[in-house]
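Here's the structure, in structure tokens; my notes come after.
In the numbering used here, the protein residues as written are 12 to 388.
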């Protein structure tokens, strides 16, 4: 799942959309869809410097402790399971990283305090270092200001599957085949041998290597070689088959990434178009999830925030906009009182474009006929 947070910026008088690390988000365990709008609540874990939290003093509803308490919190930041996940993922990349240790800052004002922000459709609560409630009030929006989009949805669960998740079986299959191929090549280069128990060869002489000489009474009877069976000779053709199956599943093919595979379909323009069309049709499912779960809900939430903060507080505010002719103009904030509807047509246009591309060659054959052109003239 990939997610964004929608926050209101009072200075810019507009919404700010920022990326959210899904490892620092705690979603209602009972959520059965990848949309947070179907969750009862959500908690976001973040870290703010002492100066940033000091700037919250004086804001409506904020209860910020005195500075000595903030300094104490900054020196005792609690750990979380997300930190362990980040440490393990960094280790898999060959990096030695421990959250809270390697990002320690010597300047006291730059040290960070853990901030847990709880959102539900009715309430917002901010807790500092899991011990101080800095804010608790009603949610003025009536929704959770987050949006998450899945790659492959999983029924009955919030967390979906990614491309590596659905391709893990193919990856393990390819890994096993390549390891077997490497083992077989090694055996072919260094074949195992068997010799008589009373052979005069020492262990060092029995070892296979360039320039080694093994002395025996009767080489044909004393020494025998074991040759590999050659079961993995055609392993690379099988790997190509697995890759083709993976492309069918995800739609991310070599053609779409600019590296098409050699085949008979690549020899004609029609064959190339068919491959591109198939890839686009499968990729349209990803685009549709981004539209339905993230972009469209995000636009509705941004419109609601403008209504709450501008139309209700200062109706005379003018916002930059665009008229139906495409010219820049000023739009009153009261426009957000009106009901609106958002549509994102990327996925449907991808499918429509490919279908039109299939029909166009047949239409072109009829349109360029001499009799039709003569009548049109």
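Every residue, glycine too, gets a C-beta built ideally from N, C-alpha and C.
Could you tell me whether the Cβ of residue i comes closer than 8 angstroms to any Cβ of chain C?
i          : result
residue 21 : Absence of chain C from the displayed structure is noted, only one protein chain being present.
Per DSSP, what kind of secondary structure is residue i in: helix, strand or coil?
i           : result
residue 266 : Unreliable positioning characterises residue 266 in this predicted model, as indicated by a pLDDT of 49, which lies under 50. The coordinate reading is nonetheless provided below. DSSP places residue 266 in coil when its eight states are reduced to three.
residue 36  : strand
residue 333 : strand
residue 311 : helix
residue 340 : strand
residue 22  : coil
residue 295 : helix
residue 306 : helix
residue 95  : helix
residue 48  : helix
residue 381 : helix
residue 72  : coil
residue 358 : helix
residue 186 : helix
residue 82  : helix
residue 191 : helix
residue 353 : coil
residue 104 : coil
residue 252 : helix
residue 109 : coil
residue 320 : helix
Quick check on this structure: which residue in the options has the alpha carbon closest to the alpha carbon of residue i?
i           : options               : result
residue 152 : 358, 313 and 332      : 313
residue 111 : 134, 137, 132 and 84  : 84
residue 294 : 385, 73 and 361       : 361
residue 116 : 22, 39 and 86         : 86
residue 18  : 157, 134 and 104      : 157
residue 133 : 122, 335, 148 and 175 : 148
residue 60  : 122, 101, 74 and 351  : 122
residue 74  : 247, 301 and 146      : 146
residue 187 : 28, 159, 250 and 332  : 250
residue 82  : 98, 97 and 65         : 65
residue 16  : 31, 62 and 240        : 31
Among residues of its own chain, excluding the 5 on either side of residue i, which ones have a beta-carbon nearer than 8 angstroms to its beta-carbon?
i           : result
residue 348 : 318 and 322
residue 256 : 181
residue 70  : none
residue 327 : 343 and 344
residue 171 : 12, 45, 161, 162, 163, 164 and 165
residue 80  : 143
residue 173 : 162 and 163
residue 337 : none
residue 90  : 110 and 111
residue 150 : 130, 131, 132, 133, 134 and 135
residue 107 : 101 and 113
Would you mind sorting residue i into buried or exposed? The rule is 16 or more other CB atoms within 10 Å of its CB.
i           : result
residue 388 : exposed
residue 316 : buried
residue 119 : exposed
residue 308 : buried
residue 77  : exposed
residue 269 : At residue 269 the pLDDT is 49, less than 50, meaning the model places this residue with poor confidence; the figure from the coordinates comes in the next sentence. By the neighbour-count rule (16 or more Cβ atoms within 10 Å), residue 269 is not buried but exposed.
residue 95  : exposed
residue 358 : buried
residue 139 : buried
residue 26  : buried
residue 3   : The structure shown has nothing for residue 3, since the chain only spans 12 to 388.
Ordered along the chain, which non-local residues of its own chain (more than five positions away) have a Cβ less than 7 angstroms from that of residue i?
i           : result
residue 167 : 43
residue 35  : 55, 56, 57 and 93
residue 310 : 353
Any idea which residues DSSP pairs residue i with across the strands?
i           : result
residue 125 : 58
residue 172 : 163
residue 130 : 53 and 135
residue 16  : 29 and 157
residue 146 : 137
Whose C-beta lies closer than 6 angstroms to the C-beta of residue i among residues of the same chain, with five residues either side of it excluded?
i           : result
residue 243 : 191, 192 and 195
residue 178 : 257
residue 155 : 47, 53 and 130
residue 50  : 38, 39 and 42
residue 299 : 358
Quick check: does the Cβ of residue i come within less than 7 angstroms of any heavy atom belonging to the ligand PLP?
i          : result
residue 48 : Among the ligands in the structure shown, none appear at all, so the ligand PLP cannot be discussed.
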